[in-house]
Structures are given as structure tokens and as C-alpha cells.
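Visitor: Once you know that position 127 of the sequence shown is 147 in the numbering used here, the rest is easy, because the numbers rise by one and skip nothing.
Questions regarding the structure given below will be posed in turn.
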Amino acid sequence: MRISRFEAGVNYTLLGVFAIFALTPLVGVLLTALTPVAEARSGFGLPSTLALGNFGEAWQRGHFGDYMLNSVAVTLGVVALTIVLSVLAGYAFATMRFPGRTVLFYVMLLGLMLPVEAFVIPLYYDLRGVGLTNTYWALLLPQTAQSLAFGVFWMRNYFLSFPTSVLEAGRVDGATDRALLWRVLVPSAGPAMMTMGLLVGMWTWNEFLLPLIMISGEGLRTAPLGLAFFQGQHATEQSLLAAAATIVALPIVVVYLFLQRRFIAGMLGGAVKG
Numbered sequence: 021m022r023i024s025r026f027e028a029g030v031n032y033t034l035l036g037v038f039a040i041f042a043l044t045p046l047v048g049v050l051l052t053a054l055t056p057v058a059e060a061r062s063g064f065g066l067p068s069t070l071a072l073g074n075f076g077e078a079w080q081r082g083h084f085g086d087y088m089l090n091s092v093a094v095t096l097g098v099v100a101l102t103i104v105l106s107v108l109a110g111y112a113f114a115t116m117r118f119p120g121r122t123v124l125f126y127v128m129l130l131g132l133m134l135p136v137e138a139f140v141i142p143l144y145y146d147l148r149g150v151g152l153t154n155t156y157w158a159l160l161l162p163q164t165a166q167s168l169a170f171g172v173f174w175m176r177n178y179f180l181s182f183p184t185s186v187l188e189a190g191r192v193d194g195a196t197d198r199a200l201l202w203r204v205l206v207p208s209a210g211p212a213m214m215t216m217g218l219l220v221g222m223w224t225w226n227e228f229l230l231p232l233i234m235i236s237g238e239g240l241r242t243a244p245l246g247l248a249f250f251q252g253q254h255a256t257e258q259s260l261l262a263a264a265a266t267i268v269a270l271p272i273v274v275v276y277l278f279l280q281r282r283f284i285a286g287m288l289g290g291a292v293k294g
């Protein structure tokens, strides 16, 4: 379907307005991060000089090197576990027939509607009872469980959209379920898994409440949790706070910009059939 020049102009105008609204606060934070500490103030304004040293000072004073490594380790672990388990469960729900399949699937989808605030306190006591609080497992396991509802739903819908004739031909030729999954479906599911991994990675990286409740020692703090403590210690130094916030947000932005084409391909070609 072709659109007229007027319709295209209206679309670009609306998108431009939305982009301005979305980018305005980000530009404000970046300008504040580049403003010398002595000149920092609320609102927008161009700095007299670019104080790039704010980033180094915030990095050093906030110990963000350790916090970023913790966040990277937790995020990679959660993404890897979520992708593997979601692929296995999604394939089972999409292609296998077993008693209670539909009920079990919809029970799992309840995880999409249950906020972490509803179960974080009993979860803390459960993990403390088995000695897992203040460990990486206290961050890996709950956040993987949180992500599985979306991951299983996403991969199930992708596998349902795959041509059944290909799977049936494989079964006729004697292919097992394992061979069909890993040799036929998974190689074609790259964009869908990339999109899921990027979304799960973004949610895991930005998670604040679980690390706040589960982690008591400074050595295992994640980047968002470290940023909160940094804010409490440097509440009046707006330039350093903006620089620290930019440091914490930058990895996810870079990863998204690097993988944006695959992300969009996965969004457009992924979960279509329910």
C-alpha cells in the first residue's frame, strides 16, 4: 500500500515531535554531565567548557568498575538461562501434545501480570533460609524466573509460526524432536532470540528492587543499586550524578544501537501467531 506525500509528511512530523519529547530529558542529563561541577544547576544550559573529567571522577568515586562487572555477569547469566529454557519450553508448548498443556501455559503466563513487589519479601525469606541471599544466585535465579513467562510466550509463538510442513517432513525422514529443535528451528530463530535476549538484558540491567533486597554487601552491588547509593552520597553534585547516570545507562544504549536491525527484524518477524 502506497501513502501520499501528505500522509508521509504527517507521519514524519508526528515521529519528529515524539522523538523530541523522548530525547529532551536525555540531552538535559548529558549536558549536565558535561558541565563543570561549580557551574552545575537545574534546567538546560550549555556548559562553558566540556568537563569530560566528570565521568572519570564519578567512575572512581562511585566504584562503578566493580558494579558494572557485577551487572554484566548477572545480565549475561540471566539472558543465557532465559534463552535456553525458553527455547526448550517454547518448543514443548508449540509442538508437543501432553495433558494439561494449555492450562500449564496460561498458568505460566501469570508471571507476566505478577509484579515483583508482590512476592519479593517472601522470596527473600525463602532464599535466606537456604543461604542464597547476598550471592549471585539471589540475583540470577529470581530474575531468570521473572523473564521466563515472557520468554516462553515469545518462543512458543515463534515456533507456532514456523511452517508445519517442514517439521512433518523432518519427522517422516526420521528426525527426532531434539534434531528438529536444534538443527531446524533454532538456526532460523536467530532474530527472535536476539530480540528476546535484548529485552531481557535491558530489564535485568535496570532491575533495582531485587538487588536492593537480596544484596547486603557492597561487593555484589549492581550498577543501578550502586547509582542509588552514589546519589545518596553526592546529592548536591548534579554534574557527577548526571555523569554516573550516563555511565550506568550507556552499555544498554550501545548494545541496542549495535543490534537495532536484528532487534527490529525480530519484532516484525517474531511472535505473530498465537
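We put the beta carbon where it would ideally sit given N, CA and C, even for glycine.
Could you tell me whether the region 160-176 touches the region 96-106, where touching means 3 or more Cβ pairs closer than 8 Å?
Guide: Enough Cβ pairs lie closer than 8 Å, so yes.
Visitor: State buried or exposed for MET216, treating a residue as buried only when at least 16 other CB atoms are found within 10 Å of its CB.
Guide: So MET216 counts as buried.
Visitor: Rank ALA114, VAL206 and LEU132 by C-alpha distance to the C-alpha of LEU180 and give the top, closest one.
Guide: Out of ALA114, VAL206 and LEU132, ALA114 has the C-alpha closest to the C-alpha of LEU180.
Visitor: Within its chain, find whatever has a CB closer than 7 Å to the CB of TYR87; leave out the 5 residues flanking it on each side and keep chain order.
Guide: Hits under 7 Å: ARG241, THR242, ALA243 and GLY246.
Visitor: Does the contact criterion of 3 or more C-beta pairs under 8 Å hold for the region 70-78 versus the region 257-273?
Guide: Verdict: yes, contact present.
Visitor: Secondary structure at LEU240, three-state DSSP: helix, strand or coil?
Guide: Helix at LEU240.
Visitor: Please report the distance separating the alpha-carbon of THR224 from that of VAL136.
Guide: Rounded to the nearest angstrom, the two C-alpha atoms are 13 Å apart.
Visitor: Alpha helix (DSSP H) containing ASP86: first to last residue?
Guide: Its alpha helix (DSSP H) spans residues 84-115.
Visitor: Whole angstroms are fine: how far does the CA of LEU108 sit from the CA of SER236?
Guide: So the alpha carbons of these two residues sit roughly 34 Å apart.
Visitor: Tell me whether TYR126 is buried or exposed, calling it buried when 16 or more other Cβ atoms sit within 10 Å of its Cβ.
Guide: By the 10 Å Cβ count, TYR126 comes out exposed.
Visitor: Keeping to the same chain, check which residues put their C-beta closer than 8 Å to that of ALA195; ignore five residues upstream and five downstream.
Guide: ARG203 and VAL204, listed in sequence order.
Visitor: Determine the contact status of LEU70 and LEU46, defining contact as a CB-CB distance below 8 Å.
Guide: No, the pair does not count as a contact, with Cβ atoms beyond the cut-off.
Visitor: Mind checking ILE267: buried by the 16 CB within 10 Å criterion, or exposed?
Guide: ILE267 comes out buried.
Visitor: What did DSSP end up calling PRO271 once you bin it into helix, strand or coil?
Guide: In the structure shown, PRO271 sits in a helix (DSSP, three-state: H, G or I).
Visitor: If distances are taken between C-alpha atoms only, which option among GLY239, ALA189, LEU129 and VAL94 comes closest to ALA169?
Guide: The candidate whose alpha carbon is nearest that of ALA169 is LEU129.
Visitor: Over what stretch of residues does the alpha helix (DSSP H) that includes SER185 continue unbroken?
Guide: Here the alpha helix (DSSP H) through SER185 covers 184-192.
Visitor: Quick one: residues in its chain with C-beta nearer than 8 Å to the C-beta of VAL292, no 5 flanking neighbours on either side, listed in chain order?
Guide: For VAL292, the pLDDT reaches just 45, beneath the cut-off of 50, and the residue's location in the model is therefore unreliable, leaving the point undetermined.
Visitor: Using the beta-carbon count (16 or more within 10 Å), is GLY29 buried or exposed?
Guide: GLY29 should be labelled exposed.
Visitor: What do you get for LEU134, buried or exposed, if any count of 16 or more other CB atoms within 10 angstroms of its CB means buried?
Guide: Looking at its Cβ environment, which holds fewer than 16 other Cβ atoms inside 10 Å, LEU134 is exposed.
Visitor: Just confirm the distance between the C-beta atoms of MET234 and ALA138, as a whole number of angstroms; I'd bet it's less than 8 Å.
Guide: Actually they do not touch by this definition, with Cβ atoms about 16 Å apart.
Visitor: Hey, out of PRO183, GLN280 and TYR156, whose CA is closest to MET214's CA?
Guide: Out of PRO183, GLN280 and TYR156, GLN280 has the C-alpha closest to the C-alpha of MET214.
Visitor: Just to confirm the assignment, what range does the alpha helix (DSSP H) spanning PHE179 have?
Guide: Segment 157-181, the alpha helix (DSSP H) holding PHE179.
Visitor: Around the Cβ of GLY110, are there at least 16 other Cβ atoms within 10 angstroms (buried) or fewer (exposed)?
Guide: Label assigned to GLY110: buried.
Visitor: What number of angstroms, rounded off, separates the C-alpha of ARG191 from the C-alpha of VAL98?
Guide: About 33 Å.
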